[in-house]
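Below is one structure; the comments refer to it alone.
Residue numbers (the working numbering): 17 to 93.
So, in structure tokens, the structure goes:
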């Protein structure tokens, strides 16, 4: 999925930012998807940089690579 710097899906925007899905974040960090969701609920993982969709239960969450890498680096300290 691609989002603009403002966090809005826009196919016209010239500089899209790659947003990682929950599954992609899990693969990148080595943390299982369910553990990530639990950490997110407890405030132990950053809120998504972008939410796509209307109804909360069906929203697709996305994080930038920078957000995920910063969290991973802070966690390993």
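All residues carry an ideal CB built from backbone N, CA and C; glycine is no exception.
Just mark residue i as buried or exposed, buried being the case when its beta carbon has 16 or more other beta carbons within 10 Å.
i, result
"residue 64", "buried"
"residue 41", "buried"
"residue 71", "exposed"
Per DSSP, what kind of secondary structure is residue i in: helix, strand or coil?
i, result
"residue 47", "coil"
"residue 58", "coil"
"residue 77", "strand"
"residue 93", "coil"
"residue 66", "strand"
Report yes if the CB atom of residue i is closer than 7 Å to the CB atom of residue j, and no otherwise.
i, j, result
"residue 49", "residue 38", "yes"
In its own chain, which residues sit with a C-beta less than 8 Å from the C-beta of residue i, not counting the 5 before and 5 after it?
i, result
"residue 36", "44, 78, 79, 80, 81 and 84"
Could you name the residues of the same chain whose beta carbon sits closer than 6 Å to that of residue i, not counting the 5 residues immediately before and after it, in chain order?
i, result
"residue 93", "none"
Please report how far the alpha carbon of residue i lies from the alpha carbon of residue j, in whole angstroms.
i, j, result
"residue 75", "residue 52", "16 Å"
"residue 88", "residue 59", "15 Å"
"residue 69", "residue 33", "18 Å"
Among residues of its own chain, excluding the 5 on either side of residue i, which ones have a beta-carbon nearer than 7 Å to its beta-carbon?
i, result
"residue 55", "61"
"residue 91", "none"
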